[in-house]
Amino acid sequence: MTPTPTTLLDAALRGVLLALLLVLALVLGRDRPRLPVARAGALLALGLCVQAIGSAPLFEALVPRGWQAPFVAVSVGNAVLFWVFVQALFDDDFRLQPLHAAAWFAVAVLAALNCAVVADSASVLAPVTMGLQRAVPLVFAVLAAMAAASQWRADLVEGRRRLRVFIVVAGVGYSIGMLAVRLVSPQGRLSSLSATADVAMLLLIVAVVAWRMVRLAGSELFPASWAPVAIPAIPAQEDVAPAPVAPAEPEPEQDPDPAEDRLAESLRHAMAVEHAYRSEDLSIASLAARLSVPEYRLRRLINRRLGHRNFNAFVNGLRLAEAMAALADSSKRELPVLTIALTAGFQSIGPFNRAFKAATGLTPTEFRRQKLAGS
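Taking this note's numbering, the leading residue of the sequence shown gets 344, the next gets one more, and so forth.
Structure follows, in structure tokens:
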């Protein structure tokens, strides 16, 4: 077979894409192996390598369907990995769960069976199983978009906020676009032109994400370590020891900014004196309005000066600090834990207990018993 210009271009693009994906997987696996986002990202990069090979027109034309089944399984399973990666990328408290592996396995098995058995059969189940497979990219693209968009305003990392928008638009647009192309293609196979366009779009998306991740990995995109949520100390509760780790790497020293210093003092007063964090509907927007500053300035101050990556985590840390002080106070030993939680700003006992256990390793009752043991 004489290679055509389109074939040569397609092969070149796939080669560049494979090289970029392998480098990205290596960097993620080497530099931050303990972070769920690094693990999910490395797996997605490797899965996309398999997809780039399996979706090549020459591969689809020459390789028997039975041998294509594993490639199709991994390619369809990438929709699940994309969803998991987006969750891990934008939620510093994300943990990989058995549900994520089960979802990938179910989707991969469905795609493999469709490719190897159902596609060429006259089974009455074929329209159902093929319909389910075609729905997978759309369903998980929507789930990924929801994960990226959730709590977008609470994200304090400016670079990550911009990346959210790109991933939602590009990732979801790519998934839906290629699904539409395959639906109108004979037997779901891409033509040589559409296959080249597919790999070109994927290469562009991966290149932008890789550039942003490499550029921001040291300070913005990823947390400094995989560690429990830190509890900010406030002056009224200096007797309570804060958690031992900060949620983000501190910014390098810069020349003093009088305006930022005034904003920092206003924020300290609002939190330590006025206890603004006790308001259950407190948001970055409402706090910025209270302090009469633009949202971006308040977001930058909390992120760069105080080292927090998420506004809700910052506020919950203050609430936990107050609750810990009350639980350690012998004069409040008869005060119910629920009352302490509600006073600090938590809306119910369930989220309070989970946040408290994540930050201290103890339940509120165990913490109180330990602190008051000698009094």
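All residues carry an ideal CB built from backbone N, CA and C; glycine is no exception.
Span of the alpha helix (DSSP H) around residue i
i, result
"E709", "P707 to K714"
"Q394", "P379 to G397"
"S518", "V515 to L526"
"R375", "No alpha helix (DSSP H) holds R375; DSSP gives it neither H nor E."
"N646", "Careful: N646 lies outside any alpha helix (DSSP H) and carries neither H nor E."
"L678", "Taken as a continuous stretch (DSSP letters only), L678 belongs to no alpha helix (DSSP H), as it is neither H nor E."
"S629", "I627 to L634"
"A602", "P601 to A615"
"E403", "P400 to L405"
"A671", "Where A671 is concerned, there is no enclosing alpha helix (DSSP H), given that its DSSP letter is neither H nor E."
"A702", "I692 to T703"
Rounded C-alpha distance that separates residue i from residue j
i, j, result
"D353", "S535", "8 Å"
"W447", "Q476", "12 Å"
"V485", "F428", "14 Å"
"E709", "A490", "34 Å"
"Q394", "E665", "51 Å"
"N457", "L363", "30 Å"
"A543", "A399", "12 Å"
"G514", "I548", "8 Å"
"L453", "A540", "26 Å"
"P379", "T347", "42 Å"
"H618", "R507", "31 Å"
"L630", "N655", "12 Å"
"L705", "V658", "20 Å"
"L351", "L545", "17 Å"
"A455", "A698", "41 Å"
"Q303", "R438", "Missing from the structure shown is residue 303; the chain here goes from 344 to 718 and no further."
"V527", "G474", "14 Å"
"G390", "L361", "10 Å"
"V733", "D672", "Missing from the structure shown is residue 733; the chain here goes from 344 to 718 and no further."
"S674", "L663", "18 Å"
"P694", "L442", "22 Å"
"L641", "R647", "10 Å"
"L432", "R382", "11 Å"
"Q690", "A716", "29 Å"
"G660", "Q411", "51 Å"
"A632", "S609", "12 Å"
"K700", "A497", "22 Å"
"V552", "L367", "10 Å"
"W554", "V512", "17 Å"
"P287", "V460", "Since the displayed the chain opens at 344 and closes at 718, residue 287 lies outside it and no answer follows."
"T703", "E638", "31 Å"
"E677", "M667", "15 Å"
"R505", "W495", "10 Å"
"L369", "Y517", "24 Å"
"D600", "D624", "30 Å"
"L356", "E501", "32 Å"
"S626", "Q430", "21 Å"
"A445", "V423", "10 Å"
Residues that residue i bridges to, as DSSP identifies them
i, result
"D498", "N653"
Nearest-angstrom Cβ-Cβ length linking residue i and residue j, presumed shorter than 8 Å
i, j, result
"I683", "A669", "5 Å"
"A607", "L644", "6 Å"
"G384", "S418", "About 17 Å; that fails the 8 Å criterion."
"L371", "C392", "Not a contact, Cβ separation roughly 13 Å."
"L499", "H612", "With a Cβ gap of about 20 Å, L499 and H612 do not count as contacting."
"V450", "V415", "11 Å between Cβ atoms; not a contact."
"F483", "F425", "7 Å"
"T468", "N421", "Looking at the sequence shown, residue 468 is not Thr but Leu. With 8 Å as the limit, L468 and N421 do not qualify as a contact, their Cβ atoms being about 24 Å apart."
"P707", "N696", "7 Å"
"I519", "L481", "6 Å"
"A687", "R621", "6 Å"
"N653", "D374", "The Cβ separation is near 22 Å, so there is no contact."
What ranges does the alpha helix (DSSP H) occupy inside the stretch 415-495, keeping only unbroken runs of at least 4 residues that lie completely in it?
441-456 and 469-492
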